[in-house]
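Please read the structure below before turning to the comments.
Residue numbers (our numbering), protein chains in the order written: chain A, 3 to 120; chain B, 64 to 172.
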């Protein structure tokens with residue numbers, strides 16, 4: 003199956019710092035990538051849809067200036083959590099759908115990045 | 064009201080038991096439906112799609128009732144390795160997946 007790599011897997015940072023998470027599709031091109039966040043015992047919540055070469059579409063309640071998304075190529079999207087605070091501590095997961103499978107329900111997920119803000 | 068609702072469980076069943084999970088969705092325009100499996104601290108992985116006519120994959124059977132906006136997953140002959148969280152997932156327009164909170168299953172020896 004298609005492979006999505008996410009980095010870093012774990013990150014611990016001080017409050018007020020910024021953290022960048024990378025999401026790469028290794029063996030396919032993805033015009034669209036999705037960023038989800040999952041708090042303990044909660045469902046995956048879609049944060050934003052990242053479109054290659056254009057601005058991301060953010061879900062209601064997600065601050066676009068705090069969660070910066072860049073999708074500069076067909077295989078890479080980045081999420082930067084700016085001025086992170088303890089309430090931003092969560093499991094961030096990216097996912098991608100191959101460009102030639104727009105209607106499939108199978109998203110390929112990265113391994114997730116667990117962010118802890120002290 | 065959440066778009067996708069599931070009973071969080073946990074469901075504790077002995078090996079070999081049959082267990083069923085249910086899920087309801089609120090958007091009548093939803094297009095496609097899936098069950099994903101998520102192990103602790105791991106990313107979700109597709110278990111199976113859910114078709115209107117119902118479909119089976121080995122020990123797993125999925126069913127969809129569009130009129131009632133209801134999806135189910137049946138697991139027969141439970142194995143220890145089936146222990147995980149099962150996520151009900153709905154695909155609406157816009158190509159983003161909406162996830163339920165998940166139902167936790169623990170299969171015991």
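C-beta: ideal position from N, C-alpha, C; glycine also.
Distance between residue 6 of chain A and residue 113 of chain B (C-alpha atoms, nearest Å): 24 Å
Segment contact flag, the stretch 47–61 of chain A with the stretch 110–118 of chain A, C-beta cutoff 8 Å, min 3 pairs: no
Interfacial residues, the stretch 156–171 of chain B to chain A, with Cβ spacing under 8 Å: 157, 158, 159, 160, 161, 162, 163, 164 and 165
Residue 128 of chain B Cβ short of 8 Å to the ligand NAP heavy atom set: As presented, the structure is devoid of all ligands, the ligand NAP included, so that no description of it is given.
Below-9 Å beta-carbon distance, residue 23 of chain A vs any chain B residue: no
Which of helix, strand or coil DSSP assigns to residue 93 of chain B: If DSSP states are grouped into helix, strand and coil, residue 93 of chain B belongs with coil.
Contact set between residue 95 of chain A and chain B, taken where Cβ atoms lie within less than 9 Å: 106 and 107
DSSP bridge partner residues for residue 166 of chain B (one or two, in chain order): According to DSSP, residue 166 of chain B bridges with B:149.
Proximity of residue 72 of chain B and residue 166 of chain B at Cβ, strictly below 9 Å: yes
Segment contact flag, the stretch 126–143 of chain B with the stretch 6–24 of chain A, C-beta cutoff 8 Å, min 3 pairs: no
Interface residues of the stretch 106–119 of chain A facing chain B [CB-CB below 7 Å]: Closer than 7 Å at the C-beta level to chain B, one finds these residues of the stretch 106–119 of chain A: 107, 108, 109, 111, 112, 113 and 114.
Minimum Cβ-Cβ distance from residue 67 of chain B to chain A less than 9 Å: By this cut-off, residue 67 of chain B is an interface position.
Residue range of the beta strand (DSSP E) that includes residue 88 of chain B: 82–88
Option in A:65, A:77 and A:64 with minimal Cα separation from residue 129 of chain A: Given a span of 3 to 120 for chain A in the structure shown, any question on residue 129 of chain A remains unanswerable.
Start and end residues, beta strand (DSSP E) containing residue 73 of chain A: 69–75
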